[in-house]
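Q: The number in our numbering is simply the position in the sequence shown, starting from 1, with 16 added.
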Amino acid sequence: MTQLVYNFAEGNMNMRDLLGGKGANLAEMTRLGLPVPQGFTLTTTACHDYQETHQLSAELLQQVDRALEQLSETSGKRFEDEQNPLLISVRSGAAISMPGMMDTILNIGLNDKTVAVLAKLTANERFAYDSYRRLLAMFGNVVYGIAEDAFDQILTDIKTQKGYQSDLDLTTEDLKTVVVEFKQIYRHSDQGEFPQKPKDQLLAAIRAVFESWDNQRARIYRRENQISEDLGTAVNVQEMVFGNAGADCGTGVAFTRNPATGENKLFGEYLQNAQGEDVVAGIRTPQSVEVLATEVPQLYDQLHTIAHTLEQHYRDMQDLEFTIEHGKMFLLQARDGKRTPAAAVKIAIDLVDEGLLSKQEAILKVKPESLTALLHPEFDSQMMAEHAVLTTGLPASPGAATGQVYFTAATAKQASDEGHRVILVRQDTSPEDIEGMIVSQAIVTSRGGMTSHAAVVARGMGATGVVGASELNVNYAKKQASVGEQVIEEGDWISVDGTTGNLYLGPIETTPATIKGDLSILLEWAKEFAKLGVYTNADTPRDFQKALEFDADGIGLTRTEHMFFKPERLLQMRRVILAKTADQRAEPLSHLLEMQQADFYEIYKLAGDKEVTIRLLDPPLHEFLPHDAAEIQEVATQIGVSVDYLTTRIDSLKESNPMLGHRGDRLAVTFPDIYQMQVKAIMTAVLRLSDEGQIVHPHIMIPLTDSQAEMGWVRKLVTDQIAEMLADRDITVDYTVGTMMEMPRACVTANQVAKESDFFSFGTNDLTQLTFGYSRDDVGSFMPEYIKKGILPADPFQTVDVEGVGELMKMAVNRGRLTKPDLPIGVCGEVGGDPASINFFEQIGVTYVSCSPFRVPVARLAAAQAHILQTAN
17 MTQLVYNFAE GNMNMRDLLG GKGANLAEMT RLGLPVPQGF TLTTTACHDY
67 QETHQLSAEL LQQVDRALEQ LSETSGKRFE DEQNPLLISV RSGAAISMPG
117 MMDTILNIGL NDKTVAVLAK LTANERFAYD SYRRLLAMFG NVVYGIAEDA
167 FDQILTDIKT QKGYQSDLDL TTEDLKTVVV EFKQIYRHSD QGEFPQKPKD
217 QLLAAIRAVF ESWDNQRARI YRRENQISED LGTAVNVQEM VFGNAGADCG
267 TGVAFTRNPA TGENKLFGEY LQNAQGEDVV AGIRTPQSVE VLATEVPQLY
317 DQLHTIAHTL EQHYRDMQDL EFTIEHGKMF LLQARDGKRT PAAAVKIAID
367 LVDEGLLSKQ EAILKVKPES LTALLHPEFD SQMMAEHAVL TTGLPASPGA
417 ATGQVYFTAA TAKQASDEGH RVILVRQDTS PEDIEGMIVS QAIVTSRGGM
467 TSHAAVVARG MGATGVVGAS ELNVNYAKKQ ASVGEQVIEE GDWISVDGTT
517 GNLYLGPIET TPATIKGDLS ILLEWAKEFA KLGVYTNADT PRDFQKALEF
567 DADGIGLTRT EHMFFKPERL LQMRRVILAK TADQRAEPLS HLLEMQQADF
617 YEIYKLAGDK EVTIRLLDPP LHEFLPHDAA EIQEVATQIG VSVDYLTTRI
667 DSLKESNPML GHRGDRLAVT FPDIYQMQVK AIMTAVLRLS DEGQIVHPHI
717 MIPLTDSQAE MGWVRKLVTD QIAEMLADRD ITVDYTVGTM MEMPRACVTA
767 NQVAKESDFF SFGTNDLTQL TFGYSRDDVG SFMPEYIKKG ILPADPFQTV
817 DVEGVGELMK MAVNRGRLTK PDLPIGVCGE VGGDPASINF FEQIGVTYVS
867 CSPFRVPVAR LAAAQAHILQ TAN
């Protein structure tokens, strides 16, 4: 027979998957001899059984009866006894802590008879009826789904009528009235009477806790924190101890260290004459736990000793719940405490200094994703509290920014040039908006998802970004946006929180963030233990400088197309595209050559001896052309052609599906002089630096390759150009030519492609698009529903799809290294900075990841964790 119920004395801290975190910790504290009210735990196995049948099995009910009998013997009280009743609590407890997400019911066993018995046994009638009204409210809400407001309103009405300031002012007679009115709420509900049999209360509470695993807030919490839906919750049944039984009673929550700052000092809150829910629900304003040091010093000393014991035992900061009943301390829970990112880093470093953790263990204590909160500017919390949220979108790129609203790239650029702080607000963005995006403090769009153009570019630039703010109605013609009745004119001030997705009216001051102190130490340790290199995606020296401040190993991806969107460059690029012959392209290409070699020179010079990988032109040519009538007229005048000719030429370049069309290395085949110009620019910069004494080993990446033959043709174009430039120079340049692996066919034939490629670098955005058949710019319309309904575990543009895209990557790694065992392989797509994806990349043998500058520390910590865990396994 499967054991479905464990007494606390039977478990230990290593049984979290079976007993849940709370049950395992209650068992462990019992084993340590700490003052824990006795009880038992229904396992997660029992939860899984219930989820399948929605019934409590006969086997489970038998084991619960035996456990109740044992608890009665231990406590000296009996459940369902009307002379000396045992009262119990029922609490949830998943393997991974989900504070407040699932349900708790206290004081089970009270009814119209036992409430009078409790009053007599304790000589405290007020306490007995206070406990009964609490049971009625919690049971009604959790089990029957009666709104909390219904019960709260009755309390509020009585307190208002009698001028009471708090629940403590309620008299015994008041509480008796409350109990009567609470029971009346049941009668008016669909459920009927409150169950008077304690056993019925208990079984209904157990069912409710099992069902609370699937309540909406729990599902949302799991989704946000990447907690598996398959874990289930345990149920903890525990003898009640009462913090609401008088002035020598109370309840509190304590942390062994300050959860906000990480300071090594007992921190917490305490409420006299209260039950535990009063503290967490904010019903009354608690006092600092330090009040105990003055009022009851022996209890404070006991709590301090228990806190120290548990922190030493668990080797981490602990969150404790305690109750004091008539001067006696009881522990109701201990768990690893939730903490701010700053506190998490400090605590990890301090625990190493105190000899409790190794460096590797400390690295594993900090969530990589949490570092984003430490690396971007933040709003001043006091000022933010004075501003109401205007609307909320998707938090595409963390940070906090304040500026004036502009609706086009041109007006944003002009305003920036005039010294204004700019927020670019668009329905959506395109590469043509890049100049306005570059000068903006934040980018906001009403459309798009987390991998839309606006989101990707914002992250790449380290700009604050909020996308998909669907309540935001942008009207370009009127130069205004609106949310409901609130209108935002061009030039109005707004503030953007890229961490939460919130938008606010008006300016809010920000504070900058840098890597220093404990975070610097943690990242040094991470670099020591990481195997994967961590590079950055950077298209400008400014981007690269920020990444270097975050200790990037080099550049894994420079997207050369982003260099073409400045006005004078865009004009030359348009002349190239609109030219009819190679001869006509020569003159504008010469201008672009001069501009690009200057770009590459600055990036190489800044890199020093760090590697830089430059990707040749990737997007389809139509992206560089004008779109609306006014711009077509302007461009026609600039380049000296008729509007009709320009319109005809634009139409000829339109494609039904440009992301699958004339782009990437296909441009090299049809317009070889464009790639030749870029290679010349790279080599000109390399040779110039060589003359200055700096040796550069250029890495040139070919995008969109799908076959050995194609890669071979383009590679020869590149190497021939390099050979031509070196022909009359007494110099050898050590260069590599690799490919961006973003085509499923290239992955399948990677052993052949590797014959022509010196390295692979996965472009996971396009690889995911082509594997799923999704457009990354349009997934926002359906992706949330796919995730909500469990069709996909996560957005595959944010976290690699291991089963599909991941298998193609694994295939490419293995087959590529069959041809070249030491083949360097990187990942430079959106998932290059995602911790869960990095763990997978470690497993399949990727050499490095490349991500936006502000993701470098996140990726570094994730890479260290992945290697530590991989080595341990």
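All C-beta atoms, glycine included, are put in the ideal place defined by N, C-alpha and C.
DSSP three-state call for Val862: helix, strand or coil?
A: Mapped onto the sequence shown, residue 862 falls at position 846. In this structure, Val862 counts as coil in the three-state DSSP scheme.
Q: Beta-carbon within less than 6 angstroms of Gly298's beta-carbon, same chain only, minus the 5 sequence neighbours each way: which residues are those?
A: Walking along the sequence shown from the start, residue 298 turns up at place 282. With a pLDDT of 42 at Gly298, under the threshold of 50, the modelled position of this residue cannot be trusted; read the value that follows with caution. Around Gly298: no qualifying Cβ.
Q: Measuring straight from C-alpha to C-alpha, what distance separates Thr388 and Ile571?
A: Here residue 388 corresponds to residue number 372 of the sequence shown, with the count starting at 1. Here residue 571 corresponds to residue number 555 of the sequence shown, with the count starting at 1. Roughly 20 angstroms between the two C-alpha positions.
Q: Using the C-alpha atoms, what's the distance from Ala875 back to Thr552?
A: As a working note, residue 552 is residue 536 in the sequence shown. As a working note, residue 875 is residue 859 in the sequence shown. Distance between the alpha carbons of Thr552 and Ala875: 10 angstroms.
Q: Cα-Cα, which of Lys547, Gln710, Leu247 is closest to Ser113?
A: Position 97 of the sequence shown, counted from the first residue, corresponds to residue 113. Closest by alpha carbon: Leu247.
Q: Please state whether DSSP places Val829 in a helix, a strand or coil.
A: To locate residue 829, count along the sequence shown from 1; it is residue 813. Of the three classes helix, strand and coil, the one that applies to Val829 here is helix, per DSSP.
Q: What would DSSP say about Leu885, mapped onto helix, strand or coil?
A: As a position in the sequence shown, residue 885 is number 869, starting the count at 1. Three-state result, Leu885: helix.
Q: Please classify Asp396 as buried or exposed, where buried requires at least 16 neighbouring CB atoms within 10 angstroms.
A: Residue 396 sits at position 380 when you count from the first residue of the sequence shown. By the neighbour-count rule (16 or more Cβ atoms within 10 Å), Asp396 is not buried but exposed.
Q: Would you kindly report the start and end of the unbroken beta strand (DSSP E) that includes Ile571?
A: Working through the sequence shown from its first residue, we reach residue 571 at position 555. Residues 570 to 575.
Q: Between the stretch 834 to 843 and the stretch 756 to 776, do at least 3 Cβ pairs fall closer than 8 angstroms?
A: At 8 angstroms Cβ cutoff, the stretches touch.
Q: Would you mind sorting Ile807 into buried or exposed? The rule is 16 or more other CB atoms within 10 Å of its CB.
A: Residue numbering aside, residue 807 sits at position 791 when the sequence shown is read from its first letter. Exposed is the call here.
Q: Could you tell me the boundaries of the alpha helix (DSSP H) in which Thr90 lies?
A: To locate residue 90, count along the sequence shown from 1; it is residue 74. 74 to 91 is the span of the alpha helix (DSSP H), which, as asked, contains Thr90.
Q: Quick check on the burial criterion: 16 or more other C-beta atoms within 10 angstroms. Buried or exposed for Ser456?
A: Taking the first residue of the sequence shown as 1, we reach residue 456 at position 440. Label assigned to Ser456: buried.
Q: Using a 10 Å radius around the Cβ and a threshold of 16 neighbouring Cβ atoms, would you call Leu633 buried or exposed?
A: Taking the first residue of the sequence shown as position 1, residue 633 is located at position 617. Result: buried.
Q: Considering Lys362, what are the terminal residues of the alpha helix (DSSP H) in which it resides?
A: In the sequence shown, residue 362 corresponds to position 346, counting from 1. Taken as a continuous stretch (DSSP letters only), the alpha helix (DSSP H) holding Lys362 covers 357 to 369.
Q: Using the three-state DSSP reduction, which class does Pro851 fall into: helix, strand or coil?
A: Locating residue 851 in the sequence shown gives position 835, where the first residue counts as 1. Helix at Pro851.
Q: Give the straight-line distance between the Cα atoms of Ala497 and His436, rounded to the nearest whole angstrom.
A: In the sequence shown, the residue the question calls residue 497 occupies position 481. In the sequence shown, the residue the question calls residue 436 occupies position 420. Between Ala497 and His436, the C-alpha separation is close to 19 angstroms.
Q: Can at least three beta-carbon pairs, one atom from the stretch 653 to 669 and one from the stretch 699 to 708, be found at a separation below 8 angstroms?
A: Short answer: they don't touch.
Q: Which partner residues of Thr461 appear in the DSSP bridge assignment?
A: Counting from 1 along the sequence shown, the entry for residue 461 is found at position 445. Answer is Arg442.
Q: Enumerate, from N- to C-terminal direction, the unbroken beta strand (DSSP E) stretches of 3 or more residues contained entirely within the stretch 590 to 647.
A: Complete beta strand (DSSP E) runs here, min 3: 627 to 631.
Q: Considering just the uninterrupted stretch of the alpha helix (DSSP H) at Arg437, what are its terminal residues?
A: Within the sequence shown, numbered from 1, the residue matching residue 437 stands at position 421. Careful: Arg437 lies outside any alpha helix (DSSP H) and carries neither H nor E.
Q: Between which two residues does the beta strand (DSSP E) carrying Asp335 extend?
A: The residue you call residue 335 lines up with position 319 of the sequence shown. Per DSSP, Asp335 belongs to the beta strand (DSSP E) from 334 to 341.
Q: Can you give me the C-alpha to C-alpha distance between Leu622 and Arg558, rounded to a whole angstrom?
A: In the sequence shown, residue 622 corresponds to position 606, counting from 1. In the sequence shown, residue 558 corresponds to position 542, counting from 1. Taking the straight line from one Cα to the other gives about 10 angstroms.
Q: Which of the three DSSP states is assigned to Cys844 in this structure?
A: Within the sequence shown, the letter at position 828 stands for residue 844. DSSP places Cys844 in coil when its eight states are reduced to three.
Q: Can you find at least 3 beta carbon pairs, one from the stretch 70 to 90 and one from the stretch 39 to 52, that sit closer than 8 angstroms?
A: No, the stretch 70 to 90 does not touch the stretch 39 to 52.
Q: Quick one: grab the DSSP three-state call for Trp729.
A: Numbered from 1 along the sequence shown, position 713 holds the residue referred to as residue 729. Trp729 falls in the helix class under three-state DSSP.
Q: Is the Cβ-Cβ distance between Gln502 and Gln612 less than 8 angstroms?
A: Working through the sequence shown from its first residue, we reach residue 502 at position 486. Working through the sequence shown from its first residue, we reach residue 612 at position 596. No, they are not a contact pair.
Q: So, using beta-carbon positions, are Leu608 and Arg585 closer together than 8 angstroms?
A: The sequence position of residue 608 within the sequence shown is 592, counting from 1. The sequence position of residue 585 within the sequence shown is 569, counting from 1. Taking 8 angstroms as the Cβ cut-off, Leu608 and Arg585 qualify as a contacting pair.
Q: Provide the residue(s) that pair with Leu519 in DSSP beta bridges, ordered along the chain.
A: By one-based count along the sequence shown, residue 519 stands at place 503. Per DSSP, Thr407, Val512.
Q: Report yes if the CB atom of Tyr617 is closer than 8 angstroms to the CB atom of Val628, and no otherwise.
A: As a first step, residue 617 must be located in the sequence shown, where it is residue number 601. As a first step, residue 628 must be located in the sequence shown, where it is residue number 612. No, they are not a contact pair.
Q: Can you find the residues in the same chain that come closer than 6 angstroms, C-beta to C-beta, to Tyr751, ignoring five residues on each side of it along the sequence?
A: Counted from its first residue, the sequence shown places residue 751 at position 735. Only Pro714 meet the Cβ criterion.
Q: Have a look at Gly500, Gln288, Glu279 and flag the residue whose alpha-carbon is nearest the alpha-carbon of Arg355.
A: The count along the sequence shown starts at 1 and reaches residue 355 at position 339. Ranking the options by Cα distance to Arg355, first place goes to Glu279.
Q: Residues in its own chain within less than 6 angstroms of Thr890 by CB, not counting five upstream and five downstream?
A: Outside the displayed range of the chain (17 to 889) lies residue 890, so it cannot be described from this structure.
Q: Please say whether Ala880 and Ile379 have beta carbons closer to each other than 8 angstroms?
A: Reading the sequence shown from its first residue, position 363 is the one you call residue 379. Reading the sequence shown from its first residue, position 864 is the one you call residue 880. Yes, they are a contact pair.
Q: Go through its chain and collect everything with a Cβ distance to Asn855's Cβ below 6 angstroms, but skip five positions before and after it.
A: For the purposes of this step, residue 855 is identified with residue 839 of the sequence shown, where counting begins at 1. Cβ within range, chain order: Ala882.
Q: Going by CA-CA distance only, name the one from Ser853, Gly624, Gln232 that's closest to Gly709.
A: For the purposes of this step, residue 709 is taken as the residue at position 693 of the sequence shown. Nearest C-alpha to Gly709: Gly624.
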